[in-house]
Amino acid sequence: MTRSEKVSWLIRELKKENPGYEVIREPMNETEKRRLLRSLMNVRWPGRVSPEFLRVQDELLREELEEKGVTDGEALPVIREQYPCTAIKNDDRIVLWRGDITTLAVDAIVNAANSQMLGCFVPCHGCIDNAIHSAAGVQLRNECAQLMEAQGHEEPVGKAKITGGYNLPARHVIHTVGPVVGVQVTEKQKEELASCYRSCLKLAEKSGLKSVAFCCISTGEFHFPGKLAARIAVETIDRYLSGSRLERVVIDVFKEEDLHIYQKIFR
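Per this note's numbering, residue -13 is the first one in the sequence shown, and the count goes up by one each step.
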């Protein structure tokens, strides 16, 4: 099958799962057709999926990843090489990188999840949770659902869970729930955000991983102020690495504004 044929086939299979979707017409435009597929994957409730569906989906996602290109986390320069005046103790193990975290090859990437821990169900939403689940495939939501069913309650803020990475170049995804900020940040929320970073680092080390990449937890949909969040992230990561065997921590930023915030801290 061509890529277009794979997209069309996957759309038809997902529409078969829910008779209500049969009224949705498949767009002729390839971009809109791919967007429809992502939307159907986003809203799909966890459940059994056929081996054939997984085969076609995995082929498609890996073709798209190859087209986007994979960044080797081990090849990225550490901040010691870029910001030699930094006061960070572990500047030989921390990396600042701006890019798409779903294309980063490390042992684990961190997902800023919600307490349901099943991924974002809003079609084509711009959050990191949606991006990671869309790139990993439907297997990721299924594994998350199994973990949450076994736990029996929503994930507390500041804790973390680890899953496979599936079609991501990262071998694992570590999911953590950050604090949701209202009018102003409380001391409790500051500690909760620090706990997110500590929990992810501890879980990575406990799982025998050597490298982990963080997104900017809670600074998007959860409205944690970027400058304060960055200071908490850097302080927590640097302090943890002082007593850890982890070899590399990547701080991944997507927006130019966040890049400047971290650059200012490291300088």
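Ideal placement from N, C-alpha and C gives every residue a C-beta, glycine not left out.
Using C-beta distances below 8 Å, list every residue in its chain close to residue i, excluding the 5 sequence neighbours before and after it, in chain order.
| i | result |
| --- | --- |
| R30 | L0, E3, V124 and R127 |
| I251 | A216, R217 and V220 |
| M134 | Q102, M103, L104, E140 and E141 |
| D115 | N97, A98, A99, N100, G105 and C106 |
With DSSP as the reference, label residue i as helix, strand or coil.
| i | result |
| --- | --- |
| T57 | strand |
| A73 | coil |
| H139 | coil |
| A156 | coil |
| F39 | helix |
| V198 | strand |
| H161 | strand |
| K192 | helix |
| K250 | helix |
| I(-3) | helix |
| G150 | strand |
| I218 | helix |
| R184 | helix |
| I223 | helix |
| R231 | coil |
| V29 | helix |
| V9 | helix |
Taking C-beta to C-beta, are residue i and residue j nearer than 8 Å?
| i | j | result |
| --- | --- | --- |
| T99 | H158 | The question names Thr, yet the displayed sequence has Ala at residue 99. Not in contact: A99 and H158 (Cβ atoms no closer than 8 Å). |
| A156 | I95 | yes |
| E38 | K(-8) | no |
| S230 | L187 | yes |
| C201 | I87 | yes |
| S(-6) | E12 | yes |
| L245 | R66 | no |
| C110 | S(-10) | no |
| Y152 | A180 | no |
| G55 | A91 | no |
| G105 | C71 | no |
| K62 | V236 | Note on residue identity: the sequence assigns Leu, not Lys, to residue 62. Yes; because the gap between Cβ atoms is below 8 Å, this pair is in contact. |
| Y183 | T149 | no |
| D238 | K75 | no |
| Y226 | L82 | no |
| L51 | T89 | yes |
What does a CB cutoff of less than 6 Å around residue i pick up in its chain, not counting 5 residues either side in sequence?
| i | result |
| --- | --- |
| V163 | A99, S101, E141 and V143 |
| H209 | V167 |
| L232 | E191 |
| K196 | D93 and E233 |
| P5 | none |
Any heavy atom of the ligand GTP closer than 7 Å to the beta-carbon of residue i?
| i | result |
| --- | --- |
| R24 | Judged by which ligands are present, the structure shown has none, so any question about the ligand GTP falls away. |
Quick one: which unbroken alpha helix (DSSP H) runs of 4-plus residues sit fully inside the segment 65 to 130? Chain order, please.
-> 65 to 68 and 114 to 122
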